[in-house]
Every structure is written in structure tokens, then in C-alpha cells.
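Working notes, structure below.
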């Protein structure tokens with residue numbers, strides 16, 4: 003809750019400073035505010051500080067503020083802070099865009115801590131509506147326009163489906179609160195082997211479709227590559243990380259409620275996960291554009307995380323937290339470098355040509371990021387995948403097999419980054435700035451790769 | 038100490054990687070060498086401690102930190118130094134030191150000198166993690182790490198145009214292997230509840246699993262991993278391609294150390310393989326097929342390094358035959374001797390390439406023995422060792438494998454013997470064509486060919502000596518009980534009455550009559566002699582030069598060759614072999630295996646293109662797909 | 632089954648579906664808008680039947696009053712009031728009908744099979760402003776406040792997109808001169 | 171007809187059918203039409219179908235939460251419509267088109 007307050011009010015302050023003032027110091031201020039939010043949230047989770055007065059204002063059946071919620075809020079604020087920080091120089095954006103991104107983050111906070119479907123719905127919308135705008139923020143760029151309209155139309159459509167599911171769930175369980183839903187009679191009967199009411203069953207499917215759309219899982223992922231490609235890099239990165247993590251947490255909370263009737267949704271969910279993994283990885287193989295490749299890779303990552311949903315029992319959110327952290331840091335590295343070397347409009351991998359000669363530090367950071375995405379030890383990404391797979395193995399061994407196959411395929415396209423960065427001759431002289439931050443992120447990835455448990459013990 | 042041993046090379050990597058740019062070449066080279074040498078010395082001392090002092094437990098164990106601990110899920114970041122790890126460590130650091138030394142001279146012109154040493158040190162570090170880790174997860178870390186370093190080092194000379202494809206192939210193929218390995222690891226954890234070797238093997242030994250099918254599945258999955266790393270059918274094609282890298286890398290990674298990781302994995306998991314005869318049979322037959330096929334392909338290669346690469350694949354196959362027969366000592370023994378003579382041969386070929394100013398085609402060489410006496414001599418020793426000249430190291434180790442194969446299955450023995458015989462043909466062919474006859478290169482005059490500097494010849498000499506006497510580590514019993522079977526005793530150490538962690542089910546020497554054994558020896562030696570005489574006759578006495586690739590297609594040409602050769606028996610035998618080599622090389626290797634591998638690649642590319650077509654950019658289609666998805670989900674779920 | 636239903640419900644439902652169909656099939660966008668407004672009226676009438684008087688009023692004010700006026704405004708602004716939309720090919724219509732129809736069929740069939748009902752427990756006066764207001768400003772006060780963020784974001788976003796920039800204008804004038 | 175009598179004469183399932191039919195009509199419109207504005211209107215129609223269903227459930231169960239939810243859906247729909255129309259105007263300004271089938275620059 004404190005994160006929401008700090009984020010919202012600093013966004014409001016930014017807007018008061020002037021709607022369309024473009025100075026990189028504003029980005030710095032916003033990033034600072036986000037780091038403060040992250041720090042305070044983390045401190046809350048570690049019981050170093052307490053904002054009980056603030057939180058007791060929120061009825062317990064609306065939002066929950068436990069350790070995990072604080073940690074996820076901290077993670078999301080941390081990621082967005084870094085996004086603003088890393089992108090502040092290449093293309094200075096106005097306060098309106100900064101503010102929108104921070105409002106959107108507020109929606110993500112709601113999604114990670116909701117206890118009532120109204121909060122979930124509002125969270126999704128607060129997250130999405132600024133994003134529709136941000137996707138089209140490059141107003142004179144037709145691709146950006148197209149991305150915005152596509153995202154908006156499909157997003158609104160999926161909201162409709164999501165809401166129909168919510169209505170069914172409401173009718174079936176008689177409540178919109180997560181805790182109340184689980185104790186309604188119709189639900190209890192289903193747990194004891196009676197047939198599951200159609201309302202609940204269809205409701206779960208339809209709500210899941212809405213959430214699967216947000217996380218970009220097949221076959222509801224079609225918007226993702228196009229929108230990712232057309233949006234400004236900053237927004238793409240935001241969508242690939244924050245939206246995905248927040249939606250998965252929301253999904254996890256939702257499904258844990260229905261953990262008792264897991265048989266009703268585990269089957270098709272795991273099939274969708276497998277399709278997503280294969281689809282994302284296979285489609286990424288042939289992409290010429292860097293952003294599209296990363297978009298499909300992020301779809302594949304969503305597929306891996308579907309495994310995580312299958313073990314939704316409320317005890318293993320730390321896996322998602324760690325996975326999200328690892329994935330976000332790697333994405334940050336790769337996107338940020340891609341943004342810097344290709345801002346002249348080069349979309350293909352040629353932008354990376356000869357990076358190792360232009361800037362060895364950036365090339366090594368890129369390598370670390372890509373290896374982490376591909377899940378090769380010793381990197382944070384490997385550990386994240388390892389945790390995920392080894393826990394999922396007990397629930398769905400075959401899906402883990404598909405996941406491993408997918409990550410074997412993924413090497414095929416992650417390899418392109420190496421080839422261009424290390425083997426080709428430079429074809430442009432776009433400078434790479436912010437090497438200090440790149441090194442810091444790369445170092446963090448390696449640290450999380452080498453000593454994950456020590457770090458997790460300190461933070462989590 | 039153990040920690041220091043492992044982290045010295047990492048230190049070398051860090052120093053060279055970070056400050057290498059500012060250091061003079063000599064310092065960064067010697068620094069890298071010293072780091073590995075330090076590890077070697079420590080390893081030697083630890084090994085003495087371990088074997089000499091009975092008060093020390095059967096392994097030295099160091100836990101660095103907890104890697105993961107959730108509920109009952111516990112993995113440590115820990116190392117163990119037992120007799121098996123010790124042998125591997127000594128090979129890695131010992132030969133590693135020599136190759137580092139060699140590289141100082143070999144790479145002296147290269148601009149990325151310090152990077153090269155940094156990568157080499159990193160490789161050694163990862164290899165040590167692989168063999169010294171105390172659980173399967175550590176092994177996997179090292180496994181991935183060496184793959185990565187191998188990739189970096191193959192790519193070291195990235196001016197080579199083919200390189201991109203080769204490195205990518207190596208990477209992807211290894212990932213397929215890793216896929217199997219990882220699945221095997223998960224299955225191990227699922228079955229035995231731990232990754233720690235000790236705990237897993239204890240549970241295996243206690244028979245905690247009812248069904249042996251699980252063990253078979255684990256064993257086969259692990260073997261898929263081993264196939265990728267140790268270049269067995271069908272995942273072997275990356276190894277010859279990997280010869281694009283610098284020669285010391287080929288010697289270190291693609292001959293002596295990394296490719297034997299698969300052997301190590303199988304020996305390490307002996308407890309699991311012991312319970313699964315089916316898996317062992319698979320290992321044996323795959324090893325046999327690889328051994329024969331690679332040997333046949335080797336007959337027709339003209340690139341000096343490619344010949345050695347196929348020879349390596351073939352020898353690795355031989356080791357897997359031994360593993361399949363349950364002769365773990367024999368396999369490890371061959372790992373050791375093979376490390377000696379194959380490193381020697383690679384370094385020797387490197388010396389030749391260096392002296393010939395980067396010429397690798399043996400058809401453009403010839404008569405080099407006059408210009409490069411030390412290289413010639415050591416190369417001769419290496420060739421003799423690999424082909425099984427009596428009482429050199431290769432003779433003993435190969436013989437031991439053949440004997441255990443004989444005891445296991447006569448057919449396997451016969452085929453393996455043929456494979457070993459073919460080794461003689463292609464090795465002597467290469468040797469004679471390179472060093473005897475007349476000089477045939479038109480680009481560089483013969484005067485410019487020179488012997489290599491002492492930094493390169495010294496490792497050659499050391500390795501030559503080792504190739505000669507390497508057999509002492511496991512002499513056969515007929516030479517006297519007192520001095521024989523050192524390795525066998527090391528590996529089958531009974532832990533002083535305690536539980537032995539290396540081989541849970543001790544091996545028994547194959548029970549064979551003495552006369553049979555001598556007969557087998559005789560057969561091996563006579564195959565050697567035939568190969569030697571035939572090739573010498575053809576390439577030295579007659580001065581034949583291998584034809585250009587284009588002239589070699591078609592069986593008629595091969596048949597026509599009959600007329601040039603005198604000894605009728607030899608001819609029939611050899612030309613049919615060569616024909617077989619051609620068939621295998623052209624059809625099985627090119628069409629079948631590469632076709633399979635490429636087929637998988639192009640298949641996934643095809644799917645990829647199809648998926649791209651589905652993503653046609655029109656939102657109307659997307660919406661329809663979504664609705665169909667929803668409808669299907671609902672239909673599936675509600676009815 | 633239908634004959635047992637009360638007449639007002641049947642008539643209203645019939646009108647709702649009919650006007651909704653007209654919304655999606657009308658070639659003229661303005662007619663669609665008007666039909667949609669009519670649909671909203673019928674839905675409001677349903678709300679009255681269902682004892683949700685507050686929602687009935689809000690539905691008219693927000694949807695028919697505000698949102699649809701916005702639509703009309705945009706239609707007029709973009710000058711799309713004439714029948715400008717190219718007709719889609721028949722098979723596309725069939726595909727759309729099949730997809731949507733199968734969804735409808737699946738859901739209704741599922742309910743038909745299970746025939747489940749929700750516990751009937753109507754409470755008098757639940758849909759009045761007084762009752763709803765109490766709930767909204769006690770239990771739902773947090774989401775109510777948080778809609779503030781939503782509107783602020785929507786407002787800032789709409790301004791951001793709607794504001795003309797020099798670059799955009801230049802682009803358009805260039806295109807127009809080309810075209 | 172007294173207001174409450176509708177609960178006795180109409181089963182909740184009829185409201186479910188009615189809403190589902192309305193929803194499907196909206197969905198069909200989204201799939202069938204190409205003009206972005208009409209698409210948006212069809213989405214509004216879908217949302218209204220959901221609203222009706224919520225209200226029905228809420229009234230039948232005597233639980234106010236459902237009606238509050240409808241209130242929030244309306245709020246969000248308004249915000250969404252505002253942003254959506256702004257996007258549409260932006261696209262129209264740049265392309266002079268509101269037909270979604272022409273949006274196929276991004277693909278592959």
C-alpha cells in the first residue's frame with residue numbers, strides 16, 4: 003500500500019510540474035521515487051517499518067498486505083525504476099508518459115494484492131489503460147499507432163470475456179471475494195466429488211482466458227508480437243516484464259482459490275502451457291527483428307510460467323518472484339542495449355554487429371543477459387528455471403519435458419545475439435552509454451546465478 | 038586446498054580477463070599456465086594424501102554454501118575429491134598445463150592472446166567443477182560451463198567463414214544432449230530424493246526403487262547427455278566441425294578432456310547402470326557403431342585435423358564399448374592413455390600446421406621429417422601408441438577393452454577389432470603422407486618450413502614419454518601381479534571396509550583362458566602389422582597421394598585402384614574397407630545423420646515459418662483465433 | 632418454456648436482441664449508434680424489472696448519455712456517418728457467425744444440461760441509491776477511491792494522444808500533398 | 171405486475187441465456203465488422219450483457235456486491251471508451267482510415 007501511495011503521489015507531482023516538459027532529470031526523479039517505493043515495500047516485508055495505519059484503512063476483504071504482496075510490489079517498482087533509469091537518455095519523454103507508466107504500475111500493485119474481484123478488475127484496467135496510450139506514444143509513427151489500436155481493441159475484447167467469466171463465478175459461488183468463494187456450498191460439493199457447477203467451471207475458463215491474454219499465452223498471444231514490435235522500446239519492456247509478472251501473480255492468487263478443484267483446470271492449462279512454450283520458441287526461430295524475437299521469447303517464458311500456475315497452492319510464490327526478477331533483469335539488459343544500438347531505426351540483428359569491438363563491456367553484459375534468458379548456468383535465469391522445473395516436475399513431469407525441449411530450441415535464436423555481437427564487424431557506430439548500470443545488472447545476474455539461495459535468504 | 042585447486046584457474050581467468058589488456062603477452066601466458074600448474078600440484082598432493090594415508094576417509098569433501106534449501110529440497114554447492122575425480126583432475130590439470138605451455142608459443146601472434154588464456158583457464162575451471170562436484174547439479178554446472186567455453190574457444194578465430202555454422206551446430210547439439218541429461222537429473226531427484234552422489238548411490242544400493250524401468254530410463258537419459266558431449270551417434274557431427282578452432286583447443290577440449298566428460302558421467306553413475314543391462318547394451322552398441330563409422334570416415338579425410346577428429350570420435354566409441362561391457366577400469370584407462378597420445382597427436386599436428394604456415398591439407402605436405410625432426414619423432418610415437426604398437430600405452434588400454442568385449446560378446450569383439458584395425462590404416466596413411474614422400478606444396482617453398490620453438494616441442498616430448506610409458510597405470514596381469522592393475526585397484530578401492538562411493542558393484546576381471554588372451558593379443562598385433570605394411574607400401578614405397586575429393590566419387594574408381602596394389606589379399610581387404618569408408622562417409626554420414634540433424638532443423642524452421650504466416654498482422658484473424666480458442670476450451674471443459 | 636414467462640420480460644428481451652442485432656448489422660454507423668442507445672434503454676428497463684433502480688438510471692446517464700454521445704461525436708468528427716465500410720465477403724461472415732455461434736451454443740447447452748439454478752433470496756430495496764451508497768462508501772470505498780487513478784490516467788492519456796504535435800501535422804500535410 | 175413477481179416467474183437461467191445471447195451478438199459484431207468504431211460499440215454491447223447478468227445475479231441472490239461491480243464496469247467502460255476513441259482519432263489522423271483490416275504493417 004505504501005508503494006501505491008508513493009508511486010501515485012510522485013506521479014501526481016510530476017504531472018503538476020508540467021504535462022509535457024521533457025527533461026531527463028524528471029525520469030531520474032521518477033526512478034528515484036520508484037526505488038523509494040521498492041525500498042519501503044521491501045522494508046515492510048522484512049518488518050523493518052510498518053505502515054499499519056495506512057493499511058488498516060483498507061478493508062481486509064479488498065486487498066491483502068502480507069509479506070509476499072510487499073515483495074512483489076517491491077519487485078515491480080524496482081523493475082520500473084530501472085526501466086526509467088536505463089532509458090532516460092536515449093529518448094527523453096514527457097512527464098505525461100512518466101506519469102502514465104507510474105499509474106499503470108499502481109494497477110500492477112492492485113493486481114498483486116487483490117482480495118476481491120473488483121480490485122482485480124480495476125487493477126487490470128488501471129494497468130492496461132495507460133498502456134494503450136503508451137503503446138501509441140510515438141504519435142507520428144504508424145507502427146506505434148497500429149500497435150496501440152491493436153492492443154486496445156484486443157485488450158477491450160478480452161476484458162469483455164474476462165468480465166463474463168467474473169459474472170459466472172459470481173453467480174456460481176455467490177461472492178466476489180477470494181476467501182468467501184472458496185467456502186460456498188456449491189464449491190464445497192465439487193470438492194467432494196460432485197460435478198462442478200457449469201457456472202463455476204465456465205467462469206474459471208473465461209476468467210483464465212482474460213488473464214492468459216494479459217500474460218500472452220497461446221492461443222491468446224497474437225497481440226503480443228505485433229504490439230511489442232510497434233510500441234516504443236520502453237513500453238515494450240514494461241509490457242514484457244511488469245504486466246507479465248503482475249498478471250501471473252493475479253492469476254496465481256485466483257487459481258489458488260480454486261486449488262481444491264484443480265482437476266477441473268489443470269489439464270487444459272498444462273496443454274496450453276505446452277503449446278505456448280513450443281509456439282513461442284518455434285516462432286522466434288525465424289524472426290528477423292530483434293524485438294519480435296524477444297516478443298516470442300517472452301511468450302515462451304509465459305509458457306514456462308504456466309507450469310508455475312499448475313502448482314498453485316499458495317506456498318511457492320517465491321519461485322515466481324525469483325523467476326520474475328531473473329527474467330526482468332535479463333530483459334532489461336538486452337532491451338536496453340538493443341535500444342541503444344538500434345535507435346536509428348535498425349530493427350534487425352545487424353544492429354548488434356561488432357558490439358564486442360565497440361564496447362566489450364556492453365557485449366559481455368548482453369551475453370550475460372542472453373545466457374540468463376536461455377537458462378544456462380551460472381546465471382539467474384538458469385536458477386529460476388531450475389527451481390521452477392524441479393518443483394513443477396512433481397506435478398507435471400511431461401510439461402517439464404516440453405519446457406526443457408523448448409529451452410533447447412530457444413538456443414537456436416538466442417545464438418543470433420552472440421553471432422552478431424561477437425563475430426560480425428561493426429556496421430554502425432551508435433554509442434552504448436550507461437555501461438556502469440549495464441555492468442551492475444550483469445553482475446547481479448551472475449550473483450543470483452552463483453549464490454541464489456544466499457540472496458534469496460537476505461531478501462525474501 | 039580443494040577449493041584453492043578449483044578456484045586457481047578461475048582466478049587466472051579473472052586476472053587475465055580483466056587486466057589482460059594491460060599485461061604483456063608473456064606475463065598473461067605464463068600467468069594462465071601457472072594457475073593450471075598450481076592446480077595440478079595441489080591435485081597431485083591431494084592424490085598422494087588420499088591414496089597414501091589410510092586415516093583419511095575415502096574422499097575429501099568441501100561444502101562451500103547451500104545452493105538451495107526449500108522444505109526437503111536441498112542442494113549444496115560442494116566438492117568432493119575421491120579416486121575417480123582425482124584421476125580425472127590429474128589428466129585435466131596435467132595435460133592442461135602442457136597445452137597452456139604450448140599455446141604460449143602457438144598463439145604468440147594472435148591479437149586476442151590474453152583472451153585466449155582467459156578462456157582456457159575458464160574452461161579448466163569448469164571442467165574441474167564438472168569432475169569434482171559432489172552432486173549431479175554441480176556436474177551439470179560444469180557440463181554447461183565447458184560447453185560454453187568450448188564454444189567460445191572454437192569461435193576464437195572467427196575469421197573462419199564456416200565458423201558461425203559450426204559453433205551454432207556444436208551449441209545446439211550439445212543442448213539436445215543437455216536436454217536428456219537434465220531430464221535424467223530430474224528423474225534422479227524424483228526417484229532418489231537427492232542430487233548428492235553419495236545419497237543417490239546409497240539409495241540405489243539399498244534397492245529403494247522397486248522397478249528397474251526407472252533406472253533404465255535414468256541411465257538412458259544420462260547417456261543422451263553423454264552422447265552429446267562425447268560425440269556419439271547421432272550427435273557426433275559437431276566434433277569434426279569444431280576443428281575450426283585453434284589447435285591447442287582441439288587438443289585440450291576435443292581430445293583430452295571435455296569429450297571424455299560423457300565417459301566420466303557413466304562411470305560416476307555406475308550404480309545406476311549396473312542395475313540396467315538394457316541401458317548398458319544400448320551404450321555398447323552405440324559406442325560400437327560410432328567407433329566403426331567414425332573410423333571408416335577417417336579413412337577418407339585429407340584435413341590433418343579432421344582425421345584426428347574422426348579418430349577421436351572412434352576412440353570415444355571404443356570407450357563406450359568398454360562401459361557397455363561393464364569394464365569401467367578399461368574405459369578410464371583408455372581415457373588416460375587416449376588423453377596422452379591424442380593430445381600429443383593434436384599438438385604435433387599443430388606443430389606441423391604452424392611450421393607449414395597454416396596449411397592443413399595433408400596432400401600439400403610430405404617429406405616433413407627432414408625439416409621437423411622432433412615433431413616427426415613424437416608424432417611417430419603418438420601414431421604408434423594409438424594404433425596399438427606393442428607395449429606402448431595405447432596397446433595396453435585398447436587390448437583391455439578388446440578383452441572385456443571378447444568376454445562379453447564375441448561379435449562385438451570382432452567388430453571392435455576391425456575398428457581398431459582401421460585406426461591403423463588411417464593413422465599411418467596420414468602419418469606417411471605428411472612426413473614421408475616428397476614435398477608437394479606450391480604455396481610455400483620447402484625452405485620456409487621450420488621446426489617449432491622449444492615451448493612447443495617440450496610439451497610434445499613430455500607427452501611422447503607419457504604415451505610410451507602411460508601403460509604403467511594399469512598393466513595387465515600377465516606382466517606380474519605386483520605391478521599390474523593399479524588403476525583397477527584405485528577405482529575398486531573398497532574404502533577400507535567402509536562404503537565405497539566410486540564403484541558400488543566392484544568389477545571382476547574378465548575370466549578368459551590365458552591362451553585365448555595371448556591369441557587375442559596376437560590378433561591385435563597382426564592387425565597392426567597389416568595396417569602398417571599396407572600403408573607403408575602404398576604411400577611410402579609407391580608414393581601414392583590421396584586423390585582429390587572429386588576424383589573419389591564412384592565405386593569404379595575404387596575398384597580400379599586394385600590394379601595398382603600388389604598384395605592381392607591386402608588389396609581386397611583394404612579396398613573394400615575404403616569403399617565402405619566412402620559409402621559411410623558419403624551416404625550414412627552425409628545423408629542419414631546430417632539429414633536427420635538438418636531435418637530437425639529445417640522442420641522446426643518450417644513450423645516457424647508457418648507460425649509466422651498465422652501471425653498475419655490482421656487483427657480480425659487474431660480475434661477469430663481467440664474466439665475459437667475460447668470455444669474449444671469451453672467445449673473441452675464443459676462436456 | 633417461453634410461454635410461461637411474463638409478457639414484459641419477453642417483450643423487453645425480444646426488443647433487446649433485435650436492436651442488438653441491428654447494431655452489428657447496420658451498414659450506417661449512425662444507425663448503429665442509435666440502435667445501441669435503444670438497446671441500452673431496454674437493458675435499463677430490465678434493471679427496473681430486476682429491482683436495480685439505481686443502475687437503471689446510471690446506465691442511461693453514463694452509457695446512453697455520455698459514452699454514446701462520445702461515439703456520435705467521434706463519428707461526426709471523422710465524418711464517417713455515411714456507409715463507408717467495405718462489405719466483407721460472405722465466408723468471413725459465416726466464419727464469424729460460426730465462431731460466435733459455437734460459443735453461444737456451448738454455453739447455453741451446458742446450462743441446459745446441468746439446469747442449475749441460483750439460490751433465490753431477493754431482498755427488497757437493494758438496488759436503491761440509499762442501500763447501494765452505503766455499501767459503496769463503506770466496504771467499497773477503496774476501489775471507489777482508486778477509480779480516481781483510472782480516470783486521471785485516462786484523462787492524461789486522452790490528452791496525450793489528442794494533442795497535436797508539429798511533427799504529426801507535418802506528416803499529414805505531406806501525405807495529403809502526396810495523395 | 172408487481173416488481174418482485176419477476177423473480178417468481180422468471181428463472182435465473184433465462185437471464186443467463188439472454189445475457190449470453192447478447193454477449194454473443196456483440197462478439198459476432200466484433201468478429202464481423204471492420205470499422206474500429208463499430209468494433210468498440212460491439213465491445214460495449216458485450217459489457218452490457220455482462221452488466222445485465224451481474225444485476226440479475228445480484229438481485230436474485232439479494233447481494234449488493236454484484237450491482238456495485240456493475241457500477242465499476244460502467245466507470246471503466248467510460249474511461250476505456252475515452253481512451254479508445256482518442257487512439258482511434260489518432261490513427262485516423264495519420265492514416266485516414268478506421269478500417270482495422272488495413273492495420274497489417276506489423277506481422278510475421
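Protein chains in written order, with this note's numbering: chain C, 3 to 462; chain G, 38 to 676; chain E, 632 to 810; chain V, 171 to 278.
Where is the CB? At the ideal position from N, CA and C, for every residue including glycine.
Keep in mind the model is a prediction, meaning the values are calculated, not measured.
Rounded distance between the beta-carbons of residue j and residue i, thought under 8 Å
i	j	result
residue 151 (chain V)	residue 705 (chain E)	Because chain V is modelled from 171 through 278, residue 151 (chain V) falls outside the range shown and cannot be assessed.
residue 182 (chain G)	residue 379 (chain C)	7 Å
residue 771 (chain E)	residue 120 (chain C)	7 Å
residue 462 (chain G)	residue 568 (chain G)	5 Å
residue 410 (chain G)	residue 488 (chain G)	7 Å
residue 342 (chain C)	residue 432 (chain C)	6 Å
residue 666 (chain E)	residue 679 (chain E)	Not confirmed; about 21 Å, so no contact.
Range covered by the alpha helix (DSSP H) that runs through residue i
i	result
residue 58 (chain G)	That residue, residue 58 (chain G), is in no alpha helix (DSSP H); it is neither H nor E in DSSP.
residue 175 (chain C)	144-175
residue 51 (chain C)	Unbroken run through residue 51 (chain C): none, as it is neither H nor E.
residue 336 (chain C)	319-343
residue 235 (chain V)	235-265
residue 651 (chain E)	638-656
residue 71 (chain C)	69-88
residue 430 (chain C)	Here residue 430 (chain C) belongs to no alpha helix (DSSP H), and DSSP marks it neither H nor E.
Residue i to residue j span [Cα, whole Å]
i	j	result
residue 329 (chain C)	residue 155 (chain G)	28 Å
residue 293 (chain C)	residue 353 (chain C)	12 Å
residue 302 (chain C)	residue 441 (chain C)	26 Å
residue 503 (chain G)	residue 169 (chain G)	24 Å
residue 243 (chain V)	residue 324 (chain C)	34 Å
residue 378 (chain G)	residue 497 (chain G)	10 Å
residue 277 (chain C)	residue 271 (chain V)	27 Å
Neighbour flag for residue i against chain G, beta carbons, 7 Å
i	result
residue 277 (chain V)	yes
residue 668 (chain E)	no
Chain E contact for residue i (CB, 7 Å cutoff)
i	result
residue 661 (chain G)	yes
residue 265 (chain C)	no
Contact with chain B by residue i, beta-carbon distance below 7 Å
i	result
residue 202 (chain V)	Absent from the structure: chain B. Protein chains present are C, G, E and V.
Chain C contact for residue i (CB, 7 Å cutoff)
i	result
residue 181 (chain V)	no
residue 57 (chain G)	no
residue 257 (chain V)	yes
residue 216 (chain V)	yes
residue 759 (chain E)	no
Neighbour flag for residue i against chain V, beta carbons, 7 Å
i	result
residue 109 (chain C)	no
residue 656 (chain G)	yes
residue 286 (chain C)	no
residue 777 (chain E)	no
residue 26 (chain C)	no
Task: Inside the stretch 107-178 of chain G only - alpha helix (DSSP H) runs reaching at least 4 residues - done: 120-143 and 150-169
- [ ] Starting from the N-terminal side, write out each stretch of the alpha helix (DSSP H) that is 4 residues or longer and does not extend beyond the stretch 323-375 of chain G.
- [x] 341-361
Task: Length-filtered (4 minimum) alpha helix (DSSP H) runs lying within the stretch 252-310 of chain C - done: 265-287
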